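Comments concern the structure below.
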Amino acid sequence: MYGIDLSVAGSMVRRTVDGRRPSPNHVFVVADVEVTNRDDIPVAMSRVPAVFLAADGSQHEPAVPALWPDEEVVVGPHATETVKVLFDVARTKAAGGAVRIVRGNGPTGRRLHLAS
Numbered sequence: 022m023y024g025i026d027l028s029v030a031g032s033m034v035r036r037t038v039d040g041r042r043p044s045p046n047h048v049f050v051v052a053d054v055e056v057t058n059r060d061d062i063p064v065a066m067s068r069v070p071a072v073f074l075a076a077d078g079s080q081h082e083p084a085v086p087a088l089w090p091d092e093e094v095v096v097g098p099h100a101t102e103t104v105k106v107l108f109d110v111a112r113t114k115a116a117g118g119a120v121r122i123v124r125g126n127g128p129t130g131r132r133l134h135l136a137s
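When the sequence shown is numbered by the numbering used here, its final residue is 137 and no position is left out of the sequence of numbers.
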């Protein structure tokens, strides 16, 4: 994605998101991802190249639709928007995992710490 910078600003675990429920025995990991457009024209995005990397090493793709509450976000020229990316993850795998932005050289990002 030329001209786009992505970074994970934070993440949290939720049992529901605006009335939407995860799969049985799962939770939502909700990641706040900052999308910065460095170009001179607006950019529309319907997905963010991110994964949830569980502590056991398993990777989980975003839920469908991945972006919340809108399925698409338009980032204006030289602007930054924060989007929420949802992951439907088994409750037992959420603790100690991390949301990672997938770049050409592999995932990078922030670890999710859960209160016990």
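Where a beta carbon is used, it is the ideal one built from N, C-alpha and C, also for glycine.
These figures come from a predicted structure and were not determined experimentally.
query, result
"Counted within 10 angstroms of its Cβ, other Cβ atoms place Met66 as buried (16 or more) or exposed", "buried"
"Spatial distance of Arg161 from Val72 (CA atoms)", "Within the shown structure, residues of the chain are numbered from 22 to 137, placing residue 161 beyond reach of any answer."
"Alpha-carbon to alpha-carbon, Asp60 and Val104", "18 Å"
"Status (buried if at least 16 other CB within 10 Å, exposed otherwise) for His99", "exposed"
"Residue span of the beta strand (DSSP E) that contains Ala30, given as start and end", "25-35"
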